[in-house]
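Read top to bottom, the protein sequences are chains A and B.
Under numbering that gives the first Met the number 0, the residue at position 53 of the first sequence is numbered 52, and the numbers go up by one with no gaps.
Under numbering that gives the first Met the number 0, the residue at position 23 of the second sequence is numbered 22, and the numbers go up by one with no gaps.
Input: a single structure, listed below in structure tokens.
There are 2 protein chains.
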Amino acid sequence: MPLEQGQIQVYTGNGKGKTTAALGLAFRACGRGLRVLMIQFMKGGGPYGEHLAAQKLAPLLTIIPSGRPGWVKRPVPDPEDVELARKAFAAATAAVTGGEYDLVILDEINGALSFNLIPEEELLALMKLKPGSVELILTGRDATDGVMAAADLVTEMKEIKHYYKAGIPSREGIEK
Amino acid sequence: MPLEQGQIQVYTGNGKGKTTAALGLAFRACGRGLRVLMIQFMKGGGPYGEHLAAQKLAPLLTIIPSGRPGWVKRPVPDPEDVELARKAFAAATAAVTGGEYDLVILDEINGALSFNLIPEEELLALMKLKPGSVELILTGRDATDGVMAAADLVTEMKEIKHYYKAGIPSREGIEK
């Protein structure tokens, strides 16, 4: 059954669980036969656990990572990083408007805005373009006021405590 | 590769994304070949999307819902609800200590405490029993101070805005 009343959900904040919540949404949606695309921004260095698991939910779930390993420069990013983000954003626009997907997740898109890889007005325009048959999920810390105002749901993931401060590294199967 | 330095993660707060983040963790872990068990408290009325999707990740992922449809009575729950929660908690203890699973998720366990289905001291004892080879995830709003103090990571999911206030109902594939 196709989705009706598709909403725009934003997961932001400095706590763990933003990308993971989006993966959980993708997983649940596949259980109902929805067609899901996740486009990841600034996510080089994989494959990560989610990419390996996604193969088991194909063809319902597709995850497309973009970006290079390492951090994007602030405040002026390398042209190569801008180019990779722009290509990913073009794919996102096609996915949101093309009718092939019920659930589209733009993972770390808020980061792509705050690192000056994508202009805010382009994301706001895409949010306006979204048809009612598509649920759109936007993740990443530092969501702009404009993006939050245009969204239907905003959850802030707030870090109360985190084990990385106790020296626990990023672990395969948990963080990546 | 078995997990090392298994941590205890808590997802609490009034915002959307707690169970969903736990599902995302389960999904990613399966991509790395970890063995995952999710036990859900107060989760009658299914099957939901996550139960249908879990079949596709078997045998790595098992989700066991417990409880009856509808709300548990406050402050004194029906004996039948207590009994169902206690059975689920016994299964959780066996899973955390038995060596069969790398990742154990107790979904809505915080709710089970706040609805007086499970005593806090039993959950605290289980957290102490957890071996280093197991990652333990606890979800649900109103996590107690004691549970948060004993955890290694706590994220508060904070509702900034939610579309249910605009009259959007719980939808198949998104909320359930």
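Glycine residues also receive a C-beta, built at the ideal position from the N, C-alpha and C atoms.
Here the structure is a predicted model, which means the values were calculated and not measured.
Consider the Cβ of residue i: report whether some Cβ of chain B lies at a distance smaller than 7 Å.
i        : result
Gln6/A   : yes
Arg34/A  : no
Ala20/A  : yes
Ile104/A : no
Asp42/A  : Position check: residue 42/A holds Lys in this sequence, whereas Asp was assumed. Cβ-Cβ to chain B under 7 Å: no for Lys42/A.
Asp141/A : no
Tyr162/A : yes
Val146/A : no
Gly131/A : no
Phe88/A  : no
Ala56/A  : Reading off the sequence, residue 56/A comes out as Leu, not Ala. Answer yes: the Cβ-Cβ gap between Leu56/A and chain B drops below 7 Å somewhere.
Ala176/A : Past the edges of chain A, shown from 0 to 175, lies residue 176/A, and the structure says nothing about it.
Glu99/A  : no
Tyr125/A : Note on identity: in this sequence residue 125/A is Leu, with Tyr being the wrong assignment. False, the Cβ-Cβ gap to chain B never drops below 7 Å.
Ala149/A : no
Glu194/A : Chain A is shown only over 0 to 175; residue 194/A falls outside these bounds and no answer can be derived.
Gly48/A  : yes
Gly23/A  : yes
Ala94/A  : no
Glu134/A : yes
Leu112/A : no
Around the Cβ of residue i, are there at least 16 other Cβ atoms within 10 angstroms (buried) or fewer (exposed)?
i        : result
Ala142/A : buried
Pro76/B  : buried
Asp101/B : buried
Glu3/A   : exposed
Tyr10/A  : buried
Ala124/B : exposed
Ala52/A  : buried
Ala93/A  : exposed
Ala87/A  : buried
Going by beta-carbon coordinates alone, are residue i and residue j separated by less than 7 Å?
i        : j        : result
Gly5/B   : Val133/B : yes
Gly172/A : Ala150/B : no
Leu128/B : Thr96/B  : yes
Ile63/A  : His50/A  : no
Gln54/B  : Leu152/B : no
Leu83/B  : Gly69/B  : no
Val182/B : Leu22/B  : Not covered by the structure: residue 182/B. The range shown for chain B is 0 to 175.
Arg31/B  : Gly14/A  : no
Leu59/A  : Arg34/A  : yes
Ala108/B : Leu135/B : Looking at the sequence provided, one finds Ile at residue 108/B rather than Ala. The answer is no: Cβ separation not under 7 Å.
Phe40/A  : Phe26/B  : no
Ser169/A : Lys160/A : no
Gly43/A  : Met156/A : no
If I'm right that residue i touches residue j with Cβ under 8 Å, what's the distance once you round it to whole angstroms?
i        : j        : result
Ala20/B  : Gly16/A  : 4 Å
Gly110/B : Arg73/B  : Not really, about 11 Å apart at Cβ, beyond 8 Å.
Asp144/B : Leu116/B : That pair is no contact at about 19 Å.
Ile38/B  : Leu105/B : 6 Å
Any beta carbon from chain A within less than 7 Å of residue i's own beta carbon?
i        : result
Thr61/B  : no
Met156/B : yes
Gly14/B  : yes
Ile117/B : no
Glu171/B : yes
Gly30/B  : yes
Val75/B  : no
Glu79/B  : no
Gly45/B  : no
Ile159/B : yes
Val153/B : yes
Ile167/B : yes
Entirely enclosed alpha helix (DSSP H) segments - the region 70–125 of chain B, minimum 4 residues: As far as the region 70–125 of chain B is concerned, its whole alpha helix (DSSP H) runs of at least 4 residues are 78–96 and 108–113.
Pick out the complete beta strand (DSSP E) segments inside the region 121–169 of chain B, 3 residues or longer, and give them in chain order. If we require 3 residues or more, the beta strand (DSSP E) runs fully inside the region 121–169 of chain B come out as 134–138 and 152–160.
At what residue ranges does the region 25–75 of chain B contain a whole run of the alpha helix (DSSP H), taking only runs of 4 or more? You should have 48–53.
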